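Data block below; observations after.
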Amino acid sequence: MSVTTGPTGQTNLNSLKIVGIALFLALCVAAAFWFSDYHLFQLTLVVVYAIAILGLSIVTGFNGQISLGHGAFYAIGAYTTAILMDRYEVPYWATLPASALVCAIFGFLIGLPALRLGGLYLALTTFALAVAVPQLLKHKLIEDYTGGVQGIVILKPDPPFGLKISPDQWIYLFTLGVACVLFLLAWNLVRGRIGRAMMAIRDQSLAAEAMGINIAMLKTRTFAVSAMYTGIAGSLGAIVVQFVAPDSFSLFVSVYFFVGLVVGGVASLPGAIFGAIFIEFVPNVADQLSKAAPGAVYGILLILMMFAAPGGVVGVIRLLWRRATGAKRAATTLTDGRVGSTPARVGAISADGDFAGATVGPKQKVAGPLH
Amino acid sequence: MDGFIHQILSGIATGGIYASVALALVMIYQATHHINFAQGEMATFSTYIALTLIQAGLSYWVAFVLTFIISFVLGVLVERIFMRPMARAPELSSVGVFVGLLLIFSSISGWIFGYTIKTFPTPFDTGKPMLGGFLSGHELGSTVVTLAVLLSVYMFFRFTRLGLAMRAAAYNPVSSRLVGVRVSWMLALGWGLAAGIGAIAGCMVAPIVFLDPNMMAGILLYAFAGALLGGITNPLGAVLGGFAVGVIENIGGAYIVGTELKLTMALVIIVAVLVIKPSGLLGRTVQSRV
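Here's what the structure looks like:
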């Protein structure tokens with residue numbers, strides 16, 4: 001069960017995790033001053049995709065409702081920002097709340113009919129939305145605003161307050177700051193009452209309904225929040241790339257977000273970061289092989305993940321971590337300083353235990369005669 | 001008025017193609033409750049195979065039949081290799097596999113056959129308009145072909161032992177297994193048949209929309225709309241829905257919204273069905289016992 005590997009473990013922060021997160025953040029900030037402008041641009045896109053995938057994770061991972069059309073909200077967010085900046089000269093940072101609102105409303109309206117019903121109706125509707133969006137954006141009624149097939153070019157914002165950094169560094173740090181706030185909010189959302197209700201709907205919708213959760217309404221609201229996240233990512237993406245055009249928002253944007261979600265780990269906040277790294281850098285590597293290679297790599301990996309590691313990268317890391325720490329625990333209880341805790345021995349103990357914690361008991365019995 | 005009749009007739013012609021794809025979707029949905037999001041890309045791949053065979057010098061109809069057989073085998077293989085292990089997996093896993101298949105088939109098509117848009121031959125006389133000028137030769141021919149396909153699928157399910165066994169396997173797998181139906185092979189055959197029907201739809205639509213790796217994305221969307229409109233639990237409904245969507249699309253495109261919003265119309269139909277009558281026109285309302 002890929003979805004039920006709930007995030008109960010990650011919702012509690014211990015001091016180790018806090019130190020780890022602080023270190024990671026410090027690294028992220030420091031990266032702004034290490035990398036060349038092009039690599040920084042790529043890194044900024046990773047942050048943008050992480051926000052988009054986080055949005056998808058909220059609805060698909062934590063609420064169990066599959067969306068194949070989050071690229072549509074990414075597009076709507078991007079266009080909202082581009083139009084506001086291009087036509088109304090709104091400062092770039094002020095477009096974010098606007099596109100958050102627009103995408104949340106769109107998400108609510110799309111989600112309402114589909115989420116009333118269970119099953120695959122949301123996947124179907126969002127798939128249709130993702131296919132239809134490029135054509136909609138090209139339509140002549142809104143061409144005055146969207147620039148039609150040509151799209152809109154927007155200007156790179158300058159760093160504020162006379163900071164002595166390049167615009168690329170500034171936009172990276174700005175994106176990173178927004179991402180931190182959004183991740184924090186998401187973390188708060190999923191560990192709280194509403195988050196538990198979301199997961200209850202995912203795991204046992206009947207029981208959740210019996211507990212008094214208004215399933216359709218909560219699912220729709222979750223979808224709206226999720227669309228809002230991906231919309232904000234779209235806004236940031238437009239600012240970073242400085243350009244929006246209908247054909248850059250094909251069905252494949254949605255599909256790639258979905259791939260990133262699965263590869264990172266569906267119901268996991270850090271998973272969004274791994275997924276984003278994956279969808280940003282794998283095409284760069286695979287592109288050298290053939291234009292078709294990224295799609296093939298994504299497809300094959302997606303299927304392999306579904307078979308072998310439905311918990312994604314984060315699931316694998318958690319498993320390894322549990323084995324490592326569990327094995328250490330086993331080793332200390334076993335050896336008592338006498339049997340010698342060589343790495344080989346530790347490996348042997350953890351090798352056949354899926355979850356080392358559960359295997360400590362029997363292993364001790366086996367090892368009994370050694371004492 | 002002539003224009004109107006023309007729009008309706010050519011709507012029926014494209015509707016036949018949507019109806020075939022909708023039928024393929026519903027066949028798989030009924031048996032496994034999976035929606036094959038890769039149906040379009042699989043059909044596009046089959047159409048490329050047909051084009052390759054024709055370019056290799058085979059006559060159109062030989063290539064057509066060969067393509068159907070190859071696609072059938074491909075469909076069976078996909079079911080055996082990818083979908084069977086997913087039978088008891090959660091919804092997300094099966095959707096993940098479908099999306100993976102979509103990516104793989106789309107990139108294989110692009111990889112082998114290239115991303116340039118290709119023309120696809122039609123076996124029908126395109127020179128003179130048929131039926132008093134209301135339809136092109138290809139439109140008439142493809143309508144005949146899709147109707148023949150739909151009819152033979154109906155006959156197969158209605159009058160053959162194998163068809164009965166396949167229906168039984170989809171309707172009640174446990175009881176079917178008790179009376180000796182090999183349920184899992186029936187599912188594989190269903191997949192093969194769906195892939196074959198998809199291939200025929202691809203060959204029929206390719207002369208109209210031209211062949212490129214994303215050719216079927218829009219067609220699949222109309223098929224979704226058709227299946228939902230007619231009722232995703234009812235094959236006959238899905239077929240009628242497919243025809244209806246073809247007609248609605250043509251008339252809407254000609255008189256109401258213009259051709260640029262045709263895909264959006266499919267989205268509107270989907271949302272409208274979900275709002276007004278989620279079970280579709282002929283589908284049965286699914287009730288769950290609490």
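In order, the protein sequences belong to chains W and V.
Residue numbers for the first sequence follow the numbering used here, beginning at 1 and rising by one.
Residue numbers for the second sequence follow the numbering used here, beginning at 1 and rising by one.
By construction, the Cβ of each residue, glycine as well, lies at the ideal position given by its N, Cα and C atoms.
A quick note: this is a predicted structure, and the numbers were derived from the prediction, not measured.
### Task
Give me the Cβ distance between F108 (chain W) and T220 (chain W), rounded to the nearest whole Å; I'm assuming they're in contact under 8 Å.
A Cβ-Cβ separation of about 6 Å places F108 (chain W) in contact with T220 (chain W) under the 8 Å criterion.
### Task
Buried or exposed for H33 (chain V), please, with buried defined as at least 16 other CB atoms from any protein chain shown within 10 angstroms of its CB.
Taking every protein chain shown into account, the CB of H33 (chain V) has fewer than 16 other CB atoms within 10 angstroms, so this residue is exposed.
### Message
Counting only beta-carbon separations shorter than 7 Å, does V131 (chain W) have a partner in chain V?
### Response
V131 (chain W) counts as touching chain V.
### Query
Interface residues of chain V around V255 (chain W) at Cβ under 8 Å?
Near V255 (chain W) (Cβ distances below 8 Å), the residues of chain V are V99, L102 and L103.
### Message
Using a Cβ-Cβ cutoff of 7 Å, what residues of the region 248-272 of chain V are near chain W? List them in chain order.
### Response
Those residues of the region 248-272 of chain V that come within reach of chain W (Cβ to Cβ, closer than 7 Å) are E260, L261, L263, T264, A266, L267, I270 and V271.
### Task
Report yes if the C-beta distance between V262 (chain W) and L302 (chain W) is below 7 Å; otherwise report no.
It is a contact, given that the beta carbons lie within the stated cut-off.
### Whole-Å CB distance - F307 (chain W) paired with P85 (chain V), under 8 Å assumed
Contact between F307 (chain W) and P85 (chain V) holds: their C-beta atoms lie close to 7 Å from each other, under 8 Å.
### Identified DSSP bridge partners for Y211 (chain V)
At residue 211 (chain V) the sequence reads Leu, which differs from the Tyr that was named. V:K118.
### Message
Do A233 (chain W) and A52 (chain W) have their beta-carbon atoms positioned less than 7 Å apart in this structure?
### Response
For the 7 Å CB-CB criterion, A52 (chain W) and A233 (chain W) form a contact.
### Query
Is it right to say N214 (chain W) is buried, meaning 16 or more other beta carbons lie within 10 angstroms of its own, or is it exposed?
Exposed is the call here.
#### Entry: Local Cβ density within 10 Å of I12 (chain V), reported as buried at 16 or more and exposed below that
Buried.
### Query
Which chain V residues are close to Y298 (chain W), counting only those with a beta carbon under 7 Å from its beta carbon?
Near Y298 (chain W) (Cβ distances below 7 Å), the residues of chain V are L103.
### Task
For chain V, find out if any of its Cβ atoms is closer than 7 Å to the Cβ of G295 (chain W); answer yes or no.
It does; some Cβ of chain V falls within 7 Å.
### Query
Checking contacts by CB at 7 Å: is S93 (chain V) closer than that to chain W?
Between S93 (chain V) and chain W, the shortest Cβ-Cβ separation is below 7 Å.
### Task
Using the DSSP secondary-structure output, state which residues sit across from I194 (chain W) in a beta bridge.
BP columns for I194 (chain W) are empty, so no partner.
### Task
Measure from the C-beta of L319 (chain W) to each C-beta in chain V and report whether the shortest distance is under 7 Å.
With its beta carbon at least 7 Å from every one in chain V, L319 (chain W) lies outside the interface.
### Query
To which residues does DSSP link V385 (chain W) through a beta bridge?
As shown, chain W starts at 1 and ends at 371. That puts residue 385 (chain W) outside it, with no answer to give.
### Query
Among W:L155, W:K156 and W:W170, which residue has its Cα nearest to the Cα of G162 (chain W)?
Shortest Cα-Cα distance from G162 (chain W) to any of W:L155, W:K156 and W:W170 involves W:W170.
### Query
Do you know how far the Cα of L164 (chain V) is from the Cα of F157 (chain V)?
If you draw a straight line from the Cα of F157 (chain V) to the Cα of L164 (chain V), it is about 6 Å long.
### Query
Is V266 (chain W) helix, strand or coil by DSSP?
The three-state reading of DSSP puts V266 (chain W) in coil, since its state is none of H, G, I, E or B.
### Query
Between V372 (chain W) and A104 (chain W), which are expected to be in contact by the criterion C-beta below 8 Å, what is the C-beta distance as a whole number of angstroms?
With chain W running from 1 to 371 in the structure shown, residue 372 (chain W) is simply not present.
### Query
Which residues in the same chain have their Cβ closer than 6 Å to the Cβ of K17 (chain W), if we skip the five residues on either side of it in sequence?
Closer than 6 Å at the Cβ level, and outside the excluded window around K17 (chain W), lies no residue.
### Task
Could you say if the region 171-187 of chain V and the region 108-119 of chain V meet the contact criterion of at least three C-beta pairs nearer than 8 Å?
Note that the region 171-187 of chain V does not touch the region 108-119 of chain V; fewer than 3 beta-carbon pairs, one per stretch, sit closer than 8 Å.
### Message
Tell me the DSSP secondary structure of V247 (chain V) in three-state form.
### Response
Three-state DSSP puts V247 (chain V) in a helix.
### Task
For A217 (chain V), return the contacting residues in chain W, with the cut-off set at a CB-CB distance below 7 Å.
Within chain W, the residues placing a beta-carbon under 7 Å from that of A217 (chain V) are V131 and L251, ordered along the chain.
### Task
Can you give me the start and stop residues for the alpha helix (DSSP H) that I5 (chain V) sits inside?
For I5 (chain V), the uninterrupted alpha helix (DSSP H) segment begins and ends at D2 to T32.
### Query
Do we get a CB-CB distance below 7 Å when we pair Q135 (chain W) with the residues of chain V?
Put simply, the CB of Q135 (chain W) is near chain V, with a gap under 7 Å to one of its CB atoms.
### Query
Going by the CB atoms, is the gap between T233 (chain V) and G196 (chain V) shorter than 7 Å?
Judged by beta-carbon spacing, T233 (chain V) lies beyond the 7 Å limit of G196 (chain V), meaning their Cβ atoms are not closer than that value.
### Query
Of all the residues that make up the region 65-95 of chain V, which are near chain W by a beta-carbon distance shorter than 9 Å?
Against chain W - using a Cβ distance shorter than 9 Å - the residues of the region 65-95 of chain V are F82, P85, M86, A89, P90, E91, L92, S93, S94 and V95.
### Query
In three-state DSSP terms, what is I154 (chain W)?
If DSSP states are grouped into helix, strand and coil, I154 (chain W) belongs with coil.
### Message
Using the Cβ count rule (16 or more neighbours within 10 Å means buried), how would you classify T285 (chain V)?
### Response
Counting the other CB atoms within 10 Å of its CB gives T285 (chain V) a total below 16, which places it among the exposed residues.
### Query
Would G151 (chain W) pass as a contact of A22 (chain W) if the rule is Cβ separation under 7 Å?
No, they are not a contact pair.
### Query
DSSP state of V244 (chain W), grouped into three classes?
The answer is strand: DSSP assigns V244 (chain W) an E or B state.
### Task
Give the range of the alpha helix (DSSP H) segment to which A296 (chain W) is assigned.
Note, A296 (chain W): alpha helix (DSSP H), A293 to A308.
### Query
So which residues of chain W does S184 (chain V) contact, with C-beta pairs closer than 8 Å?
Within chain W, no residue has its CB atom less than 8 Å from the CB of S184 (chain V), the nearest being about 18 Å off.
### Query
Residues in the region 98-126 of chain W with C-beta within 8 Å of chain V's C-beta atoms, listed in sequence order?
For the region 98-126 of chain W, which is checked against every Cβ of chain V, the residues closer than 8 Å are I110, P113, A114, R116, L117, G119, L120, Y121, A123, L124 and T125.
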